[in-house]
Amino acid sequence: MIANADALLKPLTIKGLTIRNRVMSTSHAPGYGRDGKPQERYQLYHAEKAKGGIGLTMFGGSSSVAVDSPAAPWNQISVADDSVIPFFRQFSDRVHQHGGKLMIQLTHMGRRTKWDTEHWLPTVSPSPRREPASRTIPKEMEAEDIARIVKSFAQAARRCREGGLDGCEVSAAHGHLIDQFWSPSVNQRTDRYGGSLENRMRFGIEVLEAMRAEVGDDYVIGIRMSGDEMIADGLSQEDCLTIATEYARRGLVDFLNILGGQARDHIAHAISLPNMSFPVAPFLFLPSAIKREVDVPVFHAQRVTDLATAARAVAEGHVDMVAMTRAHIADPHLVKKLSEGRADDIRQCVGAGYCIDRIYVGGDALCIQNAATGREASMPHEIRRADLRRRVVVIGAGPGGLEAARVCAERGHSVVLFEKSAVAGGQIGIAAKAGWREAMSGITRWLVSQVTKLGVDLRLATEATEEAVLAEKPDVVIVATGGTPFRGHAKGAAQHAVTTTEVLTGAVEPTGSVLLYDEMGGHNAASVAEHLAKRGCLVEIATHDRMVAEEVGTTNQPIHLRELYKLGVVMSPNMELIEIYPEGNRFVAALRNTMTDAEEERLVDRIVVDHGTLPVDELYHGLKPASVNRGQTDPDALIRGEPQPYDLSKGYALYRIGDAVSGRNIHAAIYDALRLCKDL
90 MIANADALLK PLTIKGLTIR NRVMSTSHAP GYGRDGKPQE RYQLYHAEKA KGGIGLTMFG
150 GSSSVAVDSP AAPWNQISVA DDSVIPFFRQ FSDRVHQHGG KLMIQLTHMG RRTKWDTEHW
210 LPTVSPSPRR EPASRTIPKE MEAEDIARIV KSFAQAARRC REGGLDGCEV SAAHGHLIDQ
270 FWSPSVNQRT DRYGGSLENR MRFGIEVLEA MRAEVGDDYV IGIRMSGDEM IADGLSQEDC
330 LTIATEYARR GLVDFLNILG GQARDHIAHA ISLPNMSFPV APFLFLPSAI KREVDVPVFH
390 AQRVTDLATA ARAVAEGHVD MVAMTRAHIA DPHLVKKLSE GRADDIRQCV GAGYCIDRIY
450 VGGDALCIQN AATGREASMP HEIRRADLRR RVVVIGAGPG GLEAARVCAE RGHSVVLFEK
510 SAVAGGQIGI AAKAGWREAM SGITRWLVSQ VTKLGVDLRL ATEATEEAVL AEKPDVVIVA
570 TGGTPFRGHA KGAAQHAVTT TEVLTGAVEP TGSVLLYDEM GGHNAASVAE HLAKRGCLVE
630 IATHDRMVAE EVGTTNQPIH LRELYKLGVV MSPNMELIEI YPEGNRFVAA LRNTMTDAEE
690 ERLVDRIVVD HGTLPVDELY HGLKPASVNR GQTDPDALIR GEPQPYDLSK GYALYRIGDA
750 VSGRNIHAAI YDALRLCKDL
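Going by the working numbering, 443 is the number at position 354 of the sequence shown; the sequence numbering is gapless.
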């Protein structure tokens, strides 16, 4: 067991509510809401955490208390009327049956939302200052607006209590309405709600007093707030300490959930939701400072990805409860595994930010490495044993192949895993070589440890051939050979371009001036541009897209851009690479502006390209003719979650997954493997 585990597993009592341990998941917005309600998918997602031993799970990050804080963006929850109460009751029952406690976060978003959705009402705020992130200019709130919204908070709290929730948390973080009143970066009022910090605190006090009057003193109400907004014109650490101590002194809150930063623009958002470029628990000092001054429990969440860090935070008295929200997305059973002495089996969050980044482009939260999260109705976190033991051969130990081997071994099958390289991991190992993306290697480490523990016959540095595969007398063959980098269609690219993969593997070591052409808009090109610039190259990154790293999400893209600017990388959007040709010992790249068709040339020492990958499929096509299914996966059976309909008494079934089918991403490869192999 890890050091200080006892501190983490000790119960915490808040008023009459006893939480079985000090581990929680904070309110967040996975995009699972439906019609403004937390329906089955949302409930099963949190119930899995309770089944996995969590003490407290919070849902509904940014659940709206009023109609001018719309729930439609990001598929949120609306607590603006009583129709939500039956869903709360069902939700509470699901979590309580597994011993967990359940709370919700209530908020009014103020200016931090959209007006052109749902009811098409103007956004509101203490002052009519535009927010860069949501891009709205709000209506300045009148006294009547303030009174109405205060009442809305109180009625929302009543619905939480009637719905059987164990408590609620008010959001005054990330630039929501309450902290819009607090922050001088937003609040420019001259009435009793503006000016001094005392006046700016008034709206939040009125909200909490009204909630308390509605639900009584015995119901748990907390607040989530920043310990320092970390912007020049915002709330300082001293300001936030004053607010926290005053609200606690007045008895308005039963706990304080403290974070660092806020989220008014892209870079602030990335800082407040720290990715793998940040150290673990980068803002723990903020709740620690507040805990020294208040008598209520203090919670904290921000990149606490491992139990050792969480346990130390509690044992040393920095916080009373530690949130491992993204860690539970990666492994909802982490507390159970800890208490059972199986900490090595925990699939640790690597901080990729894939879960959050999907939300901000209108998607749903999915884990880059755990394809069951958010799909609990159809995908298992715990694999059921098969009735009949099979012989399975997997070819390729990238993420898809490793997951296929793991799931098949969990099913009880005999598994051989071929990998021609001397190390497992496939493209993850390559991506991890680029600067702050090293943590990606954690995905491979966990998968390799699991397949080893499960007895998979892992044959590294062994290339699979048709003869070697058939010699194993397989019932099932899974081709996970991945993809090979593509140099693109530009004239001369095949002869004169090198790929980002060749740079990161060290096969090519560019010097001098480099043009990096990015057709994909993902992490690869931006990471390689940083890598080359740090090695002293003069780098220009050109892309067909409107901006560099256009496909990278909210918590990662700003970090890439920040680093590229720091390193002096030239960024050229809206450019297409059309030709490469040599000139002396250098190369000319011909670029076409996609908006004007104007052509330009660059004379550089090296041209690097990222056009994604094409399948490595020669072995697949060699094995296909003799397979009982001609290499085909039945898509209808796959979608229905049923076994593939092929008679293995007549020979082996052949499937291919991940980039061996088409170039996608890590999650796609792992999901391909899980949903195929869980029924084999």
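All C-beta atoms, glycine included, are put in the ideal place defined by N, C-alpha and C.
Can you name, in chain order, every residue of its own chain whose Cβ lies under 7 Å from the Cβ of residue 150, other than the five neighbours on each side? 116, 117, 118, 194
From residue 513 to residue 529, what does the alpha carbon distance come to, in whole angstroms? 13 Å
Flag this pair as yes or no: are the beta carbons of residue 259 and residue 311 separated by less than 9 Å? yes
The alpha helix (DSSP H) enclosing residue 619, as first and last residue numbers: That run of the alpha helix (DSSP H) goes 612-623.
Do residue 173 and residue 53 have their beta-carbon atoms positioned less than 9 Å apart in this structure? Because the chain here runs from 90 to 769, residue 53 falls outside it and cannot be looked at.
Could you tell me whether the Cβ atoms of residue 474 and residue 503 are closer together than 9 Å? no
Whole-angstrom distance between residue 520 and residue 663, CA atom to CA atom: Computed Cα separation, rounded: 25 Å.
Determine the direct distance from the alpha carbon of residue 182 to that of residue 253, and round the result to whole angstroms. 8 Å
Using a Cβ-Cβ cutoff of less than 8 Å, which residues in the same chain neighbour residue 447 once the five nearest sequence positions on both sides are dropped? 120, 453, 454, 455, 642
Please report the straight-line C-alpha distance between residue 245 and residue 236, rounded to a whole angstrom. About 14 Å.
Taking buried to mean at least 16 other C-beta atoms within 10 Å of its own C-beta, is residue 345 buried or exposed? Buried is the call here.
Jot down the residue ranges of each uninterrupted beta strand (DSSP E) in the segment 128-214, minimum 3 residues, whole runs only, in chain order. 145-153, 190-196
When the Cα of residue 428 is compared with those of 750, 140, 131, 419, which residue comes out closest? 140
Between residue 766 and chain D, is any beta-carbon pair separated by less than 9 Å? The question asks about chain D, but that chain is absent: this structure has only one protein chain.
How long is the line joining the alpha carbons of residue 113 and residue 412, rounded to whole angstroms? 5 Å
Which runs of the alpha helix (DSSP H), 4 residues or longer, sit entirely within the segment 525-560? 530-542, 555-559
Below 8 Å on the Cβ atoms is my guess for residue 262 versus residue 314; work out the distance and round it to an integer in Å. 5 Å
Is it the case that the Cβ atoms of residue 741 and residue 564 are separated by a distance below 9 Å? yes
With distances taken between CB atoms, is the gap from residue 126 to residue 111 smaller than 9 Å? The answer is no: Cβ separation not under 9 Å.
Under DSSP, the beta strand (DSSP E) around residue 362 begins and ends at which residues? Per DSSP, residue 362 belongs to no beta strand (DSSP E) and is neither H nor E.
Per-residue burial, residue 738 [other beta carbons within 10 Å of its own, 16 or more giving buried]: exposed
Enumerate in chain order the residues of its own chain whose CB-to-CB distance from residue 549 is below 6 Å, with the five nearest sequence positions on each side excluded. 508, 511
Residue 273 versus 624, 329, 540, residue with shortest Cα-Cα distance: 329
Express the C-alpha separation of residue 353 and residue 158 in angstroms, rounding to a whole number. Answer to the nearest angstrom: the Cα atoms are 17 Å apart.
Just to confirm, are residue 457 and residue 759 a CB contact at a threshold of 9 Å? yes
Measuring alpha carbon to alpha carbon, tell me which residue in 544, 406, 468 is nearest residue 96. 406
According to the neighbour-count rule (16 or more other Cβ atoms, all chains shown, within 10 Å of its Cβ), is residue 135 buried or exposed? Flag for residue 135 reads buried.
On the DSSP bridge assignment, give the partners of residue 692 in chain order. DSSP output for residue 692 lists 677 as bridge partner(s).
At what residues does the alpha helix (DSSP H) containing residue 403 begin and finish? Segment 396-404, the alpha helix (DSSP H) holding residue 403.
Taking the runs of the beta strand (DSSP E) that are 3 residues or longer, which of them lie wholly in the segment 381-460? Qualifying beta strand (DSSP E) stretches, in chain order: 387-389, 410-412.
Quick test of your reading: residue 145 and residue 192, contact by CB under 8 Å. State the CB separation rounded to the nearest angstrom. At roughly 7 Å, the Cβ-Cβ gap stays under 8 Å, so residue 145 and residue 192 are in contact.
Over what stretch of residues does the beta strand (DSSP E) that includes residue 54 continue unbroken? Any answer about residue 54 is impossible in this case: the structure gives the chain only from 90 up to 769.
For the alpha helix (DSSP H) containing residue 668, list its first residue and its last residue. For residue 668, there is no enclosing alpha helix (DSSP H); the residue is part of the beta strand (DSSP E) that begins and ends at 664-672.
Hey, would you say residue 569 sits closer than 9 Å to residue 630, going by beta carbons? no
In three-state DSSP terms, what is residue 580? DSSP places residue 580 in strand when its eight states are reduced to three.
Is it right to say residue 306 is buried, meaning 16 or more other beta carbons lie within 10 angstroms of its own, or is it exposed? exposed
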